[in-house]
Amino acid sequence: MYMTVEQALLIYPLSEGRLIAGKAGASRIVKSVNVMDAPDITEWIKAGEMLFTTAYIMKDQPDELIELLQKLDSRKAAGLGIKLGRFWSSIPESIIEEANRLDFPLIELPYQFTFSDQMNGLFLDELERSTHSLQRLLDKQKRLMKFALKAKSDTTFFDRVLDIIETPFAVISSRGHVVYNATAYAEAQLLKGWPWREEGKWIWAEQGGHSRIPIEHKGECIGFAIFYPSEVAQVKEEEGLLYQTAEILAYHLSYIYQDVLQKSLNKDMGDLFVRYLNRNVEAGILVDYTEELGVLALRGSFQCVRTKILPGTGVVQQKALLKEIRQEFEYNTVFRGTQVIHFILEDGVFSIFCADEFVNPGMLADLLKRSLACVVNKGIVQHIRLAISNKKLKPDMLRQAYTECTEAFGLAERLGVGEKIVQFGDIELAYLFKHVPDDEMKVYSNEVLAELLAKEPDYARDMLRTLEAFIEHDGQMNETAKHLFIHRNTATYRMEKIGEILGVDFKKVDDLLRLKLAFMFRKLLREKETVD
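Just so we're aligned, residue 1 is where the sequence shown starts under UniProt numbering, counting upward by one.
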């Protein structure tokens, strides 16, 4: 038996009785019904048990019933039914008050029906409900199996499963990303206590009881399914259905995160790419191979990202980090729906993104920032750096994209760029002019900044720092002020004075370009002096 007290009071002939106290506890679950015929019955009572009595035992000592209520409540009993007419004509007010205080259901049973009449009514109704429920469960299992045999993995897969099982559920990847959520709970609530042990269990939590079942594919846990039945009573009878659903979800989840992306991370792709860099195979071979994997990243325009493990990492730790990075990229939901292929190189991961939908150069950087923000293992972020190439239009430009990523790392280090994600386009000028002789760099920068350099040293230093911050932040005054820890009005005043001193117009591209080159040369010269 598994029903609430409120539901039990709707079943004939118990429906002829009435709930006279403890109405706030009417949602207590009734698991069984027993007749009280001994004063020490509380020692044997079970959670969810409802007791029926004639009050014979305490007919001369009503206060004993108050103590009985307290004991029944502590044992998590479902309620107490008292049959009036033989030993009590009414229930004392003190007992009603105590039942209300405990929110413990107290029922006045109908005199004209025996205890067995009422118990039979409950059991017959439970039998009818169980039979109907089992029929519905069998129908769900049949529909689920038919669906699994002919279903294709597409964007509606999870929704169609939900329509069949009629139980809200969420799917979590093995990296802790919410792949699907049809529950009423937010991501933070669903992931409470993450990471989880790979075992199926029923969990009581603040967001409601739920069943959490590992999703396994080829002996590996690739995620979890969390089911939230509308009634706790459904849990036991539908347990088999939920596990059956988890097995079907495993196929779909493996299709999304394993069959395609796992192949894209295999050693063959990395080896093939290295051979391409060494000019032993043509770019067309890479295109064919990626398309065989179902990834069309090289069919149109593309951008490349090189994720590099920073120096100072031990060999053993480096291997572990490579595996972590691979898994993070493999399961990261930010990349879902994006045509991208990732594969391992010696010191990191190389990624090729289809760039047809990137309408501006900063879109890929924003995508990567979001992906780093939602990685499960936050510790790996501090050990890596990412470089982004410019957009390329033809597959035979892939080698150039790789070179740009490599150059971006080197130039960012030389120029003191501290960002985690570096775009080659942002430091492309430094790449173009890095072979200019030191003397010419010095002459050019001194010429452009001559009027400022001639000022009093402290004044010149403050103004140069302000101008350099302004150039580095693309003319954004708020960001310039924030970087220098000064008020925006102060930064604005300084820039007006600098414009007057140097005779430049910050709205003109030519003037900005000359200043950008001057400061870039100064950085390169400082870096060389440090090395020397």
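Glycine is no exception: its CB is placed at the ideal position from the N, C-alpha and C atoms.
Cutoff 6 Å; reference residue 52; Cβ partners in own chain excluding five residues on either side: Cβ contact annotation for residue 52 (same chain, cutoff 6 Å, sequence separation greater than five): 35, 81 and 115, in chain order.
Sufficient close CB pairs (3 or more, under 8 Å) joining the segment 370-386 to the segment 290-304: Taking 8 Å as the limit for Cβ pairs, the verdict is that the segment 290-304 does not touch the segment 370-386.
The segment 330-339 in contact with the segment 308-319 per 3-pair CB rule at 8 Å: By the C-beta criterion, the segment 330-339 is judged not to be in contact with the segment 308-319, since fewer than 3 inter-stretch pairs fall below 8 Å.
For residue 442 and residue 325, the rounded distance between their alpha carbons: Looking at the two C-alpha atoms, the distance is approximately 42 Å.
Reduced DSSP secondary structure (H/G/I, E/B, other) of residue 287: Correct three-state label for residue 287: helix.
Outcome for residue 349 when other beta-carbon atoms lying within 10 angstroms are tallied against a minimum of 16: Buried is the label assigned to residue 349, since at least 16 other Cβ atoms lie within 10 Å of its Cβ.
Residue burial classification, residue 265 (beta-carbon count within 10 angstroms, cutoff 16): Residue confidence for residue 265 is low, a pLDDT of 44 falling below 50, so the modelled location carries little weight and cannot support an answer.
N- and C-terminal bounds of the beta strand (DSSP E) containing residue 338: Careful: residue 338 lies outside any beta strand (DSSP E) and carries neither H nor E.
DSSP state of residue 258 mapped onto helix, strand, coil: In this prediction, residue 258 has a pLDDT of 49, which is less than 50 and means its spatial position is unreliable; nothing more can be read from the coordinates.
Contact the segment 98-108 vs the segment 20-28: 3+ CB pairs below 8 Å: The answer is yes - the segment 20-28 touches the segment 98-108, with three or more Cβ pairs under 8 Å.
The segment 391-411 touching the segment 278-286, judged by at least three CB pairs closer than 8 Å: By the Cβ test, the segment 391-411 is in contact with the segment 278-286, since at least three Cβ pairs between them sit closer than 8 Å.
Cβ pair residue 388, residue 365 closer than 8 Å: With contacts defined by Cβ atoms closer than 8 Å, residue 388 and residue 365 form a contacting pair.
Near the ligand ZN: residue 327 beta-carbon under 7 Å from a heavy atom: Questions concerning the ligand ZN fall outside what the structure shown contains, since it holds no ligand whatsoever.
Exposure of residue 533, with buried meaning 16 or more beta-carbon neighbours within 10 Å: The question about residue 533 has no answer here: the residues shown for the chain are numbered 1 through 532.
Through-space distance from residue 30 to residue 6, alpha-carbon basis: Near 10 Å, if we compare the C-alpha coordinates of residue 30 and residue 6.
Distance between residue 318 and residue 3 (C-alpha atoms, nearest Å): If I take the Cα positions, the gap works out to 56 Å.
With 16 other Cβ atoms within 10 Å as the buried cut-off, status of residue 214: So residue 214 ends up on the buried side.
Bounding residues of the beta strand (DSSP E) (the contiguous stretch that carries residue 308): Note, residue 308: beta strand (DSSP E), 302-309.
Same chain, Cβ closer than 7 Å to residue 92, neighbours up to 5 away in sequence not counted: Cβ neighbours of residue 92 within its own chain (closer than 7 Å, five residues either side excluded): 62.
Spatially closest choice to residue 468 from 495, 41, 368 and 487, by CA coordinates: Nearest C-alpha to residue 468: 495.
Rounded C-alpha distance that separates residue 427 from residue 171: Those two C-alpha atoms are separated by around 42 Å.
Of the listed residues 250, 25, 189 and 141, nearest to residue 239 (C-alpha basis): Nearest option by C-alpha distance: 141.
DSSP three-state assignment for residue 509, whether helix, strand or coil: Helix at residue 509.
Sheet register partners of residue 224 (DSSP bridge): Residue 224 is bridged to 172 and 214.
Of the residues 227, 191, 74 and 182, the one placed nearest residue 200, counting alpha carbons only: Ranking 227, 191, 74 and 182 by Cα distance to residue 200 puts 227 first.
For residue 499, the nearest candidate out of 370, 466, 488 and 529 (CA to CA): For the set 370, 466, 488 and 529, the Cα lying nearest the Cα of residue 499 is the one of 466.
Secondary structure of residue 263, DSSP reduced to three states: In this prediction, residue 263 has a pLDDT of 44, which is less than 50 and means its spatial position is unreliable; nothing more can be read from the coordinates.
Inter-residue spacing [alpha-carbon to alpha-carbon] between residue 12 and residue 229: The alpha-carbon atoms of residue 12 and residue 229 are separated by roughly 27 Å.
Straight-line Cα distance separating residue 390 from residue 460: Taking the straight line from one Cα to the other gives about 36 Å.
Alpha-carbon to alpha-carbon, residue 250 and residue 261: Bear in mind that a pLDDT of 40 at residue 261, under 50, signals an unreliable position, so the model cannot answer this.
Residue 518, buried or exposed, once every other Cβ within 10 Å from all chains shown has been counted against 16: With 16 or more other Cβ atoms within 10 Å, it is buried.
Start-end ranges of the beta strand (DSSP E) lying completely within the segment 342-389, minimum 3 residues: Given a length threshold of 3 residues, each whole run of the beta strand (DSSP E) inside the segment 342-389 is given here in chain order: 348-354 and 384-388.
Candidates 450, 32 and 472: closest to residue 126 by CA position: Among 450, 32 and 472, the Cα nearest to that of residue 126 belongs to 32.
Check whether residue 147 and residue 160 have beta carbons under 8 Å apart: For residue 147 and residue 160, yes; Cβs fall inside 8 Å.
Environment of residue 485 [buried if 16+ CB atoms lie within 10 Å]: A residue is called buried once 16 or more other Cβ atoms fall within 10 Å of its Cβ, and residue 485, having fewer, is exposed.
Same chain only: Cβ atoms within 7 Å of residue 242, ignoring 5 sequence neighbours per side: So the list reads 211, 213 and 227, once near-sequence residues are dropped.
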